[in-house]
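One structure is given below, encoded as structure tokens.
Residue numbers (the working numbering), protein chains in the order written: chain V, 713 to 1042; chain R, 130 to 454.
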């Protein structure tokens, strides 16, 4: 990857996002262990580079559609940590006042159009947002992140086909983290590359990128976003990565061979990207400052989330309908 | 005033709204060049062009997902699901995504979209192209459901649905597509959640929906010749439900019959019966009686389908027997 094409400001911005997400997810895990976060959660530990690079490459009015593994993509769009963490804790100062939870993070004002917890559902929805942008002539792009498991559900194929036929400004990003949930994606998929090997079926180029390399992801993101804005249609990107933990809170991930885990841990984007920035002449002190700021932000968010009020009772009957209420009869 | 079929009223209602609002677009299988498999969208492609009237692949999840994504980013899409039985293949988008996302996001996003679909029996299409699914839809919090029974109401309720800020399903009764009515010229816009009293009579109240409305009216005419004078109410809107009108009319006669095409269990009439029984029990002179399709998939043969869906004869017999006992 020719890193000289990337300016240092962008690379440091990506590093900051990377660190923000890493520290946030680590804290989210700790709070789970303290039983302060209820329900479930799906962390992006190890996969941060994809969210960070797209976050840096996207226009502020572009649309993000993510899965239940969506904390990273929410933060990458500039949503502050406090409402995200407070949402995980079920507090009124949460992003959705506690009504959505970890799997449904949404901040429409940041272009974060939702985290969707049914596998595959959001690919057609991203098509709709892209269609809307195309119709309105805004040159906005919808970026849709999903896991490798999604490539085997019907809506993936319906959505990629429709996007190709209608030349929609949508970028599909498959975060291939090797495991669908507990099962290796290779064991349940007819092709070796779950997204890239399907691209040809929809007249698209197969694009595979090292998902642990922010510079590499940034480069393919910029190209795909430009193609979409120019009216040339969708892209399907397969970003190779690895989650450091299990699928969700309940999963210790013990089905993974230790040698495989070790090999991927050596490719931890935090470690490798930090080393690359240093090698490229960034001062150690600058990175330490970024890390210190990120940790302070997570600490502050933790305090704000923990001290946030419990959601009020009136929220139960609010916002089924656009009039703010839940009435179904007169 | 012009005579209009229910089928032509669909296109007129959509055109009325597309002329008014550039954000209104139509998508679905065969809706554009072919004018719809029921010919209900004929002429829309010619008037509004392929940018606003779009044929899709046979991809119900993509159709409904695209409508949802467009609605949440400033459009007012109308999506067609060709047969209402096909809601089953895009049910996640309807029941999990569109219905829940406003609530889950604490009101951050709105879904001003319409899903229209051909519903119910009458064309001998068999079990997978004939079911009345209004009860599936009304069971989901976050979805509004209307079922027009006349050409005029197709236009008025379509307009209300398009203008509503929430997701609305408009079920078009496929048995009614050829029916005709004189419809006023000019814009027609109704309100969601308003039932209509079509006939007044003091002995019994027949509460009907969609394709069952003309049958209830015909049954009421026959019952009148036997000395049973019935009111007939067209529910029109299941969500929101006009319980004020339903309760008021039920109280007048004290004898209530629901006439439903949906299969028996958890049909819309069960909810209506429950509300009436809970809220005006002491105004009633007998139990609320439900006349429904039995709890079976629909058979294809005309002789069998006719035995399954409530007929005028069955309505007359049921009401007469209940009133005589």
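Where is the CB? At the ideal position from N, CA and C, for every residue including glycine. Source: prediction; values computed, not measured.
Contact list for residue i against chain V, beta-carbon separation under 9 Å
{"i": "residue 179 (chain R)", "result": "Within chain V, no residue comes near residue 179 (chain R); the closest Cβ sits about 11 Å away, beyond 9 Å."}
{"i": "residue 257 (chain R)", "result": "None at all; the shortest Cβ gap to chain V is about 18 Å."}
{"i": "residue 377 (chain R)", "result": "Within 9 Å Cβ-Cβ: nothing; residue 377 (chain R) doesn't reach chain V, min ~11 Å."}
{"i": "residue 145 (chain R)", "result": "The premise fails here: residue 145 (chain R) is roughly 20 Å from chain V at the closest Cβ pair, so nothing lies under 9 Å."}
C-beta neighbour in chain V for residue i, strict 8 Å
{"i": "residue 401 (chain R)", "result": "no"}
{"i": "residue 233 (chain R)", "result": "yes"}
{"i": "residue 159 (chain R)", "result": "no"}
{"i": "residue 406 (chain R)", "result": "no"}
{"i": "residue 354 (chain R)", "result": "no"}
{"i": "residue 366 (chain R)", "result": "no"}
{"i": "residue 237 (chain R)", "result": "yes"}
{"i": "residue 230 (chain R)", "result": "yes"}
{"i": "residue 190 (chain R)", "result": "yes"}
{"i": "residue 369 (chain R)", "result": "yes"}
{"i": "residue 154 (chain R)", "result": "yes"}
{"i": "residue 398 (chain R)", "result": "no"}
{"i": "residue 222 (chain R)", "result": "yes"}
C-alpha distance - residue i paired with residue j, whole-angstrom precision
{"i": "residue 453 (chain R)", "j": "residue 355 (chain R)", "result": "11 Å"}
{"i": "residue 246 (chain R)", "j": "residue 209 (chain R)", "result": "6 Å"}
{"i": "residue 420 (chain R)", "j": "residue 225 (chain R)", "result": "31 Å"}
{"i": "residue 713 (chain V)", "j": "residue 932 (chain V)", "result": "Unreliable positioning characterises residue 713 (chain V) in this predicted model, as indicated by a pLDDT of 46, which lies under 50. A coordinate reading is not provided."}
{"i": "residue 958 (chain V)", "j": "residue 966 (chain V)", "result": "8 Å"}
{"i": "residue 294 (chain R)", "j": "residue 318 (chain R)", "result": "15 Å"}
{"i": "residue 450 (chain R)", "j": "residue 444 (chain R)", "result": "10 Å"}
{"i": "residue 338 (chain R)", "j": "residue 964 (chain V)", "result": "53 Å"}
{"i": "residue 131 (chain R)", "j": "residue 289 (chain R)", "result": "21 Å"}
{"i": "residue 815 (chain V)", "j": "residue 218 (chain R)", "result": "23 Å"}
{"i": "residue 924 (chain V)", "j": "residue 195 (chain R)", "result": "31 Å"}
{"i": "residue 186 (chain R)", "j": "residue 940 (chain V)", "result": "21 Å"}
{"i": "residue 908 (chain V)", "j": "residue 862 (chain V)", "result": "13 Å"}
{"i": "residue 1028 (chain V)", "j": "residue 799 (chain V)", "result": "15 Å"}
{"i": "residue 999 (chain V)", "j": "residue 741 (chain V)", "result": "24 Å"}
{"i": "residue 303 (chain R)", "j": "residue 215 (chain R)", "result": "14 Å"}
{"i": "residue 413 (chain R)", "j": "residue 264 (chain R)", "result": "25 Å"}
Short CB-CB distance (under 8 Å) between residue i and chain R
{"i": "residue 825 (chain V)", "result": "yes"}
{"i": "residue 737 (chain V)", "result": "no"}
{"i": "residue 836 (chain V)", "result": "yes"}
{"i": "residue 874 (chain V)", "result": "yes"}
{"i": "residue 845 (chain V)", "result": "yes"}
{"i": "residue 828 (chain V)", "result": "yes"}
{"i": "residue 871 (chain V)", "result": "yes"}
{"i": "residue 1026 (chain V)", "result": "no"}
{"i": "residue 863 (chain V)", "result": "no"}
{"i": "residue 859 (chain V)", "result": "no"}
Closer than 8 Å at the beta carbon, the chain V residues around residue i
{"i": "residue 373 (chain R)", "result": "1042"}
{"i": "residue 214 (chain R)", "result": "Under the 8 Å cutoff, chain V gives no residues; its nearest Cβ is about 17 Å from residue 214 (chain R)."}
Residues that residue i contacts on chain R, provided the C-beta gap is smaller than 9 Å
{"i": "residue 912 (chain V)", "result": "The contacting residues do not exist; residue 912 (chain V) stays about 18 Å from chain R at best."}
Contacts that residue i makes with chain R (C-beta to C-beta distance below 8 Å)
{"i": "residue 841 (chain V)", "result": "198, 199, 201, 202"}
{"i": "residue 783 (chain V)", "result": "Going along chain R, no residue has its Cβ under 8 Å from residue 783 (chain V), so there is no contact; the nearest lies around 16 Å."}
{"i": "residue 812 (chain V)", "result": "233, 234, 235"}
{"i": "residue 956 (chain V)", "result": "In chain order: nothing, as chain R lies at least about 28 Å away."}
{"i": "residue 808 (chain V)", "result": "233, 234, 235, 237"}
Beta-ladder partner(s) of residue i, from DSSP
{"i": "residue 886 (chain V)", "result": "V:858, V:950"}
{"i": "residue 157 (chain R)", "result": "R:184"}
{"i": "residue 310 (chain R)", "result": "R:133"}
{"i": "residue 232 (chain R)", "result": "For residue 232 (chain R), which the question treats as bridged, DSSP gives no partner whatsoever."}
{"i": "residue 896 (chain V)", "result": "V:891"}
{"i": "residue 262 (chain R)", "result": "Note: residue 262 (chain R) sits in no beta bridge, so no partner."}
Contact list for residue i against chain C, beta-carbon separation under 7 Å
{"i": "residue 322 (chain R)", "result": "Checking the listed chains, one finds no chain C in this structure; the protein chains it contains are V and R."}
Within chain R, the residues that residue i reaches when beta carbons sit closer than 7 Å
{"i": "residue 1031 (chain V)", "result": "231, 232, 235, 236"}
{"i": "residue 848 (chain V)", "result": "203"}
Residues that residue i contacts on chain V, provided the C-beta gap is smaller than 7 Å
{"i": "residue 332 (chain R)", "result": "Under the 7 Å cutoff, chain V gives no residues; its nearest Cβ is about 26 Å from residue 332 (chain R)."}
{"i": "residue 195 (chain R)", "result": "836, 839, 840, 843, 874"}
{"i": "residue 387 (chain R)", "result": "Residues of chain V passing the Cβ test: none, with the nearest at roughly 16 Å."}
{"i": "residue 271 (chain R)", "result": "1032"}
{"i": "residue 363 (chain R)", "result": "Simply none; closest approach about 16 Å."}
Three-pair Cβ contact test at 8 Å for the segment 757-770 of chain V versus the segment 799-808 of chain V: The segment 757-770 of chain V is not in contact with the segment 799-808 of chain V.
Is the segment 320-331 of chain R touching the segment 370-387 of chain R, taking contact as three or more C-beta pairs under 8 Å? Result yes; three or more Cβ-Cβ pairs closer than 8 Å.
Decide if the segment 810-824 of chain V is in contact with the segment 169-182 of chain R; the criterion is three or more beta carbon pairs, one per stretch, under 8 Å apart. With the cut-off at 8 Å, the segment 810-824 of chain V and the segment 169-182 of chain R do not touch.
Three or more beta-carbon pairs under 8 Å between the segment 215-229 of chain R and the segment 266-281 of chain R, yes or no? The answer is yes - the segment 266-281 of chain R touches the segment 215-229 of chain R, with three or more Cβ pairs under 8 Å.
Taking 8 Å as the cut-off, does the segment 826-838 of chain V touch the segment 243-260 of chain R (at least 3 CB pairs, one atom from each stretch)? The answer is no - the segment 826-838 of chain V does not touch the segment 243-260 of chain R, with fewer than three Cβ pairs under 8 Å.
Closer than 8 Å is the cut-off here; do at least three beta carbon pairs connect the segment 867-886 of chain V with the segment 943-962 of chain V? Flag = yes, the segment 867-886 of chain V and the segment 943-962 of chain V touch.
Is the segment 898-914 of chain V touching the segment 970-984 of chain V, taking contact as three or more C-beta pairs under 8 Å? A contact is defined here as three or more CB-CB pairs under 8 Å, and the segment 898-914 of chain V fails this definition with respect to the segment 970-984 of chain V.
Count the C-beta pairs between the segment 191-210 of chain R and the segment 157-172 of chain R that are closer than 8 Å, then say yes if the count reaches three, no if not. With a cut-off of 8 Å, the segment 157-172 of chain R and the segment 191-210 of chain R count as touching, because enough Cβ pairs lie within range.
Check whether the segment 715-732 of chain V and the segment 974-994 of chain V are in contact - that is, three or more C-beta pairs closer than 8 Å. Between the segment 715-732 of chain V and the segment 974-994 of chain V, the count of Cβ pairs shorter than 8 Å is three or higher; the stretches touch.
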